[in-house]
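What follows is a single structure, written as structure tokens, with notes after it.
Numbering (my numbering), first residue to last: 12 to 141.
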């Protein structure tokens, strides 16, 4: 979870809006659109967000603002992620992570290919072609 959050259990909507970087009315709208964002309500009907709600709001913002997904697309992706979260310990959350992973794999493959002596590599290629 976020390390920069104050040490308390619940956060008011204004605090969460500042932490996430959106206006309070946006959080209220997201609450109506995303079932995974459900702050508890106090006796006075004030929304009280937990740390996991803040993380969810940050994910929603990333999907909508940074990755350019529609509300429907973000809903589907979050639903898919939540169903996979118990089966997969680590998810690739966005296209940037995927690109970084692919670059690292490409570098590893190139390194392995370059470490094979040329004559040995030629023999292997000839064997495969036969």
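Glycine included, each C-beta is placed from N, C-alpha and C at the ideal position.
{"query": "Beta-ladder partner(s) of residue 90, from DSSP", "result": "Paired residues: none, contrary to the question."}
{"query": "Option nearest residue 28 by Cα separation, candidates 18, 19, 39", "result": "39"}
{"query": "Expected contact under 8 Å - CB spacing of residue 41 and residue 65 to nearest Å", "result": "Contact doesn't hold; Cβ gap of about 12 Å is too wide."}
{"query": "Sequence-distant residues of its chain with Cβ nearer than 8 Å to residue 54 (five each side left out)", "result": "none"}
{"query": "Close beta carbons around residue 138, own chain, < 8 Å, minus the five adjacent residues each side", "result": "none"}
{"query": "Delimiting residues of the beta strand (DSSP E) encompassing residue 1", "result": "With the chain represented from 12 up to 141, any question about residue 1 goes unanswered, as that position is not in the structure."}
{"query": "For residue 33, the three-state DSSP class (helix, strand or coil)", "result": "coil"}
{"query": "Cutoff 8 Å; reference residue 31; Cβ partners in own chain excluding five residues on either side", "result": "38, 65, 68, 69, 72"}
{"query": "Cβ shell of residue 15 (< 6 Å), same chain only, five flanking positions each side left out", "result": "none"}
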